[in-house]
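So the structure is just underneath, and the comments pick up after that.
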Amino acid sequence: MQALRVHAFDQPPQLDTLPSPEPAAGEVRVRVQACGISFFDLLIARGAYQWKPPLPFTVGSEFAGTVDALGAGTTGFAVGERVCGSLSIGGWAGQVCVPAAALQPVAPQAAVDEAAVLHTPYGTALYALRERGGVQAGETVLVLGATGSIGDAGVQTAKALGARVIAAVSGPAKQATARQAGADEVVDLQSPAWKDEVKTLAGPRGVDVVLDPVGGEAMDTAFRTLGWGGRHLVVGFAGGSIGSLKANLCIVKGAALVGVDLRQYRERQPEGMQRLLADVTALHGEGRIRPRIAAHFPLAQAAEAFAMAGARTTTGRVILDF
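Residues in the sequence shown are numbered from 3 upward in steps of one, following my numbering.
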């Protein structure tokens, strides 16, 4: 099989030919059809994430395909069944072996490319908003970077949970995209008055939850829009710098700064992760969430795919087809 592997963090992944893996007990082998390229994948491949796998390794955290072999004692899936899954690394390969608990069946009506990019962004969004943020119907959620992968998933997921959503985007061109995702209100992060605009839109109670995959200067500003008992969910730092915050604001607002790491949740609470991904798959099957697809690339054009995903100028996900 072919796999995209990192041999050095200062070099792009290269296409290697490897023997087909054999599933261990409790594992499922999947013949991969489509993979997403997430911001997490790009960071891992560059050695820029806080966790660095030992070299060499196969990149890829999200995929979809068909079951082609079962390990000893594995139940719940059948050869030929369509599935999607997520893991920390290993997905950008023609075949991948994963624990059965890491997979979910793909509905007959679901497109394989959409299924491939469900688990990382929407799993992160649901874990953040529901499990870490405790979002309730009727609460106001501010989503930073609302047209990025996590942000777009966050807008859709917050709406599915019954929240009112204020989307924060960079530039007027992205406002329509945020509204298409379901945002009730949109503000422009490039406006010097965006904090005041959010506070006006949120009303006297303030924002209940901030979903923050951006970091940087926006973090402190967004935290100041929270009302009493608010929760600021730190997902990542796509803005390029780690945000800082004056700790006394937590006391003044009775508010919480909450970290979100889906990778550790997968490793530490696999049963909870399985339930979470089942809920994500169900929301997709019901049509309440839907990934945007920007472009498809064959494996031979992986470099072009990485460049497009890394430029972060597209609205939607970049797909590698196997």
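C-beta: ideal position from N, C-alpha, C; glycine also.
Source: prediction; values computed, not measured.
Can you round the beta-carbon distance between residue i and residue j to whole angstroms, since I take them to be within the 8 Å contact cut?
i      : j      : result
Asp154 : Val171 : Actually they do not touch by this definition, with Cβ atoms about 10 Å apart.
Leu259 : His234 : 5 Å
Gly82  : Thr68  : 6 Å
Val237 : Val262 : 5 Å
Gln106 : Val85  : 7 Å
Ala95  : Thr76  : The pair is not a contact, with the Cβ atoms about 19 Å apart (cut-off 8 Å).
Val211 : Leu131 : 7 Å
Asp323 : His298 : 6 Å
Val167 : Gly184 : 7 Å
If we ignore side chains and look at the alpha-carbon of each, how far apart do residue i and residue j end up?
i      : j      : result
Thr227 : Leu146 : 12 Å
Asp328 : Gln52  : The structure shown does not extend to residue 328, since the chain is modelled only from 3 to 324, so the question has no answer here.
Ala311 : Phe41  : 8 Å
Ala139 : Leu203 : 17 Å
Pro25  : Gln4   : 17 Å
Ala47  : His9   : 9 Å
Thr317 : Ile152 : 12 Å
Leu20  : Arg31  : 15 Å
Thr122 : Gly78  : 22 Å
Val157 : Glu187 : 11 Å
Trp196 : Ala74  : 56 Å
Val216 : Ala178 : 20 Å
Ala280 : Glu306 : 33 Å
Cys37  : Asp43  : 11 Å
Ala160 : Arg292 : 13 Å
Gly136 : Asp18  : 43 Å
Glu141 : Ala165 : 5 Å
Lys176 : Ala148 : 9 Å
Ala242 : Met221 : According to the sequence as given, residue 242 is Gly; it is not Ala. Taking the straight line from one Cα to the other gives about 12 Å.
Gly232 : Asn250 : 14 Å
Arg181 : Pro23  : 44 Å
Gln266 : Arg294 : 26 Å
Pro58  : Lys255 : 46 Å
Ala104 : Met275 : 8 Å
Gly173 : Arg290 : 26 Å
On the DSSP bridge assignment, give the partners of residue i in chain order.
i      : result
Gln192 : Answer by DSSP bridge pairing: none, since Gln192 is not bridged.
Val30  : Leu72, Val100
Leu105 : Gly87
Ile39  : According to DSSP, Ile39 bridges with nothing at all.
Pro272 : DSSP lists no partner for Pro272.
Glu64  : Ser88
Lys19  : Reading the sequence as shown, one finds Thr at residue 19 and not Lys. DSSP lists Gln4 as partners of Thr19.
His298 : Ile321
Asp349 : Residue 349 is absent from the model: the chain starts at 3 and stops at 324.
Val209 : Leu228
Ala311 : Looking at the DSSP assignment, Ala311 forms no beta bridge with any residue, so it has no partner.
Ala95  : Ala5
Phe59  : Val8
Let me know if residue i comes out buried or exposed under the rule of 16 or more other beta-carbons within 10 Å of its beta-carbon.
i      : result
Phe308 : buried
Asp198 : exposed
Ala27  : exposed
Gln97  : buried
Ile244 : exposed
Gln315 : Contrary to the premise, residue 315 reads as Thr rather than Gln in this sequence. That one is exposed.
Ser193 : exposed
Ser90  : buried
Trp230 : exposed
Ala302 : exposed
Pro206 : exposed
Glu219 : exposed
Lys248 : exposed
Ile253 : exposed
Glu29  : buried
Pro110 : exposed
Pro15  : buried
Ser88  : buried
Leu144 : buried
Glu273 : exposed
Leu278 : buried
message = Extract the residue ranges of the beta strand (DSSP E) inside the region 139 to 196, only unbroken runs of 3 or more that lie entirely within it.
response = 142 to 146, 166 to 171, 187 to 190
message = Which runs of the beta strand (DSSP E) at least 3 residues long sit entirely within the region 217 to 263? Give them in chain order.
response = 228 to 236, 258 to 261
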